[in-house]
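What follows is a single structure, written as structure tokens, with notes after it.
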Amino acid sequence: MSGHGEPIGMIARKGAPLRGTAEVPGDKSISHRALILGALSVGRTEVTGLLEGQDVLDTAKAMRAFGATVERLGPGRWVIDGVGVGGFAEPSDIIDCGNSGTGVRLIMGAMATSPISATFTGDASLRKRPMGRVTDPLALFGTRAVGRQGGRLPMTIVGAAEPVPVRYTVPMPSAQVKSAVLLAGLNAPGQTVVIEREATRDHTERMLRGFGADLTVEETPEGRVITLQGQPELTGQRVAVPRDPSSAAFPVCAALIVPGSDILVPGVSQNPTRNGLFATLVEMGADIAFENPREEGGEPVADLRVRHSALTGIAVPPERAASMIDEYPVLAVVAAFATGTTVMRGVKELRVKESDRIDAMARGLEACGVRVEEDRDTLIVHGMGPEGVPGGATCATHIDHRIAMSFLVLGLAAQQPVAVDDGSPIATSFPVFEDLMRGLGADILRIGE
């Protein structure tokens, strides 16, 4: 549902070391794409390990609305009987994508070159997020978009009846924009070309090839050039979803800052377009061992052994931002416990996520006694080292799951408990967060329990 329910206050306290195995859910990015590509394929797609957070469930509901058959067989096990490229039916009702920017933008792309119309909405957070970054390139195919002022939801997309292929250079590092254009290109004749000046997560390219699309990637002086041959017949596949590195970030970072901790996080995606956080943590001095490297579902994975570590602040290379954009909030928490200063530049994309994540983290960290600097494209955290973070504040989450989880991680190591005003958005991406963290020994409670 797009309406945000009653807030759920939560609090985290310093306690015993974290120990045990943290089996985080399936990757959210891959889960969205498995459902959408399954719906655009001929035949049956079988998915295991699907993330069953609300964001992904909203995408499953949307695929049903466009005519695909989508069924849950058991925990993480889903089947999709697709309608083929160009086979989407016009939905009879509004498509509600809840809190998911990925879901709405990818679905817009998937239907943009079919001669149908669909109206999209979402929760209060999603209705604030800019859609022009997707609807502008979709217009090149012949698609029309009518929304609120500033290109915001609710918005009606009128698909192109006679789409044309496009050549588009993505103006900002955004896997969502790239993926929307590629999905639109599926039902356009000829070749659709997307050029990235800066590489972003490549799950869409990997999965399109896996479903049978003719897609090539070339590194050129112009950038990363992705060429898709339009109007393929995609074929249903078996998709094993690896565990989400963005979800793994929370138990990993908690273990690094809670003294005495030693945990195992198995089967985490090590896709090089997603593993920037782990590279950064290692550079800060984190004790992380990457054990049993292997491939699952076409993605590299490894088991992460993580132990409490003495960390040092660093300057994170700006070019790494695309590979860890969702992990900067929890990295800011880790930086607060490091010795020295951590500088995060090239992160302006954080300002247009579920919330303005630079502002949300800066205000919450300051309330907990941490000195922070920021500008439009930068977040700088002055670590408190062995003295530790005072804590003792209630932090605003702004209906943002990653902000909520980040401050709860902070509370596990701060001198005084840290509360968040609303933990309910956590269910959108990590529905088992509370149980998983408590299973490791974390003292996280809903206020009033």
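Final position of the sequence shown in UniProt numbering is 449; the numbers increase by one with none missing. Where a beta carbon is used, it is the ideal one built from N, C-alpha and C, also for glycine.
Query                                                                                                                                                                             : Result
Would the beta-carbon of L186 fall within 8 Å of that of L40?                                                                                                                     : yes
Can you pull the DSSP bridge partners for R238?                                                                                                                                   : E46
First and last residue of the beta strand (DSSP E) that includes R345?                                                                                                            : 341-345
Check each candidate in P221, G5, H32, V177 and name the one with the smallest Cα separation from W78.                                                                            : H32
Between the region 191-207 and the region 168-182, do three or more beta carbon pairs fall short of 8 Å?                                                                          : yes
Rounded to the nearest angstrom, what separates Q54 and E162 at their Cα positions?                                                                                               : 34 Å
Can you grab the Cα-Cα spacing for the pair Y328 / P115, in whole Å?                                                                                                              : 40 Å
Looking at C-beta atoms only, is the number of pairs between the region 308-321 and the region 355-366 that lie closer than 8 Å three or more?                                    : no
Per DSSP, what kind of secondary structure is G3 in: helix, strand or coil?                                                                                                       : Any reading at G3 needs caution, since the residue's pLDDT is 43, under 50, leaving its predicted position unreliable; the model's value is listed next. G3 falls in the coil class under three-state DSSP.
Should the region 377-391 be called in touch with the region 413-428, which here means at least 3 C-beta pairs below 8 Å?                                                         : yes
For A413, which of helix, strand or coil comes out of DSSP?                                                                                                                       : coil
Check the C-beta distance from R243 over to V268 and give it rounded, since I have them as a contact under 8 Å.                                                                   : 5 Å
How about V241 and V47: are their beta carbons less than 8 Å apart?                                                                                                               : yes
Identify every run of the beta strand (DSSP E) within the region 357-384, keeping only runs that are complete inside it and at least 3 residues long; order them along the chain. : 371-375, 378-382
Helix, strand or coil for S429, going by three-state DSSP, please let me know.                                                                                                    : coil
I'd like the list of long-range same chain contacts for P431, defined as Cβ closer than 6 Å, with 5 residues on each side in sequence excluded.                                   : G53
Return the CA-CA distance between D136 and K178, expressed in angstroms with no decimal places.                                                                                   : 12 Å
For D375 and F66, I'd like the C-alpha separation in whole angstroms.                                                                                                             : 42 Å
Which ranges does the beta strand (DSSP E) cover as unbroken runs of at least 3 residues, wholly within the region 185-262, from first to last along the chain?                   : 191-196, 215-220, 223-229, 238-240
Would you call N292 buried or exposed, if buried means 16 or more other Cβ atoms sit within 10 Å of its Cβ?                                                                       : exposed
The beta strand (DSSP E) spanning G67 covers which residue range?                                                                                                                 : No beta strand (DSSP E) holds G67; DSSP gives it neither H nor E.
Going by beta carbon distance, what residues of the same chain come within less than 6 Å of E354, once the five residues before and after it are set aside?                       : S125, D400
With distance defined between alpha-carbon atoms, name the residue in R13, P7, V370, P17 nearest to S309.                                                                         : P17
Considering Cα atoms alone, identify which of L440, A145, R72, A160 is closest to C253.                                                                                           : L440
So A336 and G260 are supposed to be a Cβ contact under 8 Å. How far apart are they, rounded?                                                                                      : With a Cβ gap of about 19 Å, A336 and G260 do not count as contacting.
By DSSP, does I288 sit in helix, in strand, or in coil?                                                                                                                           : strand
Could you check what DSSP says for S100 in three-state terms: helix, strand or coil?                                                                                              : coil
Could you pull the start and end residues of the beta strand (DSSP E) that L445 belongs to?                                                                                       : 443-446
Apart from the five residues just before and just after A60, which ones in its own chain have a Cβ nearer than 6 Å to its Cβ?                                                     : L35, V70
At the level of alpha carbons, what is the spacing between A367 and I80?                                                                                                          : 47 Å
Helix, strand or coil: which one does DSSP assign to S92?                                                                                                                         : coil
Please return the same chain residues whose Cβ sits closer than 7 Å to the Cβ of I358, not counting the five positions on each side in sequence.                                  : V347, L350, R351, E374, L379
Helix, strand or coil: which one does DSSP assign to D421?                                                                                                                        : coil
Smallest Cα separation from P251: which of V56, D435, G38?                                                                                                                        : D435
When the distance is taken between beta carbons, is P165 closer than 8 Å to T192?                                                                                                 : yes
Tell me the DSSP secondary structure of residue 456 in three-state form.                                                                                                          : What the structure shows of the chain is the stretch from 1 to 449, and residue 456 is not part of that stretch, so it cannot be assessed.
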